[in-house]
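All residue numbers for the sequence shown refer to our numbering, where the first residue is 20 and numbers rise by one.
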Amino acid sequence: LLLLLLLLCLCVCPVVTVGDNVIKPEMVEGFADLRHNSSSNNNNHPSIPSVHKQQQQQQQQPVSAPPGPRVSTLTADLHASGFTVRSFVPADIGAVRRIFEDGMMGYAESMAAGDPLRRFWRQYVSKALADDMLDAGSVRDVYFASGGCFWVLCDTTLPGCPVVGHVGAERLSVGTCELRRMSVAPGTRRAGLGGMLVRLVEEFAAGEPGVREVVLTTASIMEPAVALYKSCGWEQYRQRSYSEPKPKEDS
């Protein structure tokens, strides 16, 4: 009878093990993979214009759109709000790492210190900081060397125009780009800034020959981010538990 009750509990309340953490499924839904058709016209950003990427050899200079009918007014729109966007340079790495860590760990602030999901999230953030965000060379190798880009958002109203946000576009294959590491400093978050960074990556991809779609991975713990992406027209095409590895994207 005891064995039967144990089996019944396992069937009703299965668990997910992530490293040393045991996470009950009712606590979290896991990762969500979303995509956006880079060739489609997106009417969800009526006030945000198109923007092209820089050439890789110009990555030390501010992002600027090429002349012609698709000249971007994104810089002007941001400037009107007190912000500007430019390409990442090595000196930005400290601010980028700090903003990413603070922003990501902010999603776990309401969790108890011993919560398994909080421990897992800390491990997840630490892994990212030791991977493509380890140092300036890692950012260069993952984003610029792949044919992508990494941008920083700067506050022009403060002395020194400090970095207050960032987003990356990694070229996964001929046909796919991935939006990665988007974060805005908690004290700087305003309506529209996240949407502008999303559109920056969308338009970058739209200007890349052969790119058919942009993908991203988010998590159910990041409810505001999930809502933002979906409001921008992104569609979820896969749901994964936190213990399930991300499949390699098709080319």
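Cβ atoms here follow ideal geometry from the backbone N, Cα and C, with glycine treated the same way.
Given the structure is predicted, the values throughout are model-derived calculations rather than measurements.
The Cβ atoms of VAL158 and PHE119 do not sit closer than 8 Å to each other. Non-local C-beta neighbours of PRO178 in its own chain, meaning closer than 8 Å and more than five positions away in sequence, are absent.
In the DSSP secondary-structure assignment, GLY184 is bridged to LEU172, VAL203.
Ranking LEU212, ASP154, GLU242, GLU221 by CA distance to the CA of HIS98 puts LEU212 first.
Taking SER100 as the centre and dropping the five residues before and after it, the same chain places the C-beta of ARG209, GLY211, LEU212 closer than 8 Å to its C-beta, in chain order.
A direct Cα-Cα distance of roughly 36 Å separates PRO266 from THR94. Setting aside the 5 residues that flank it on each side, GLY122 is surrounded in the same chain by SER202, VAL203, ALA204, PRO205, each with a C-beta closer than 8 Å to its C-beta; the list follows chain order. Here TYR248 has LEU53 as same chain residues with Cβ atoms under 6 Å from its own Cβ, once five neighbours each way along the sequence are excluded.
Annotation for ARG259: GLY49, PHE50, ALA51, ASP52, LYS265 place their beta carbon closer than 8 Å to its own, counting only its chain and skipping 5 residues before and after. Three or more Cβ pairs closer than 8 Å define a contact, and the stretch 182-196 falls short of that threshold against the stretch 133-146. Nearest neighbour of CYS168 by Cα position, chosen from VAL220, THR195, ASP150, turns out to be VAL220. Sequence-distant partners of GLY229 (beyond 5 residues in either direction) whose C-beta falls short of 7 Å from its own C-beta, in its chain, are VAL193, GLY194. Between VAL234 and GLU263, the gap from beta carbon to beta carbon reaches 8 Å or more. Secondary structure note for TYR256: its beta strand (DSSP E) is the uninterrupted segment 254-259. The shortest C-alpha to C-alpha distance from GLY125 to any of GLU242, PHE102, PHE163 is the one to GLU242. The residues ARG116, PHE119, GLU120, in chain order, have a CB closer than 8 Å to that of LEU148 in the same chain once the five nearest residues on each side in sequence are set aside. Rounded to the nearest whole angstrom, the CA to CA distance from SER250 to PRO109 is 33 Å.
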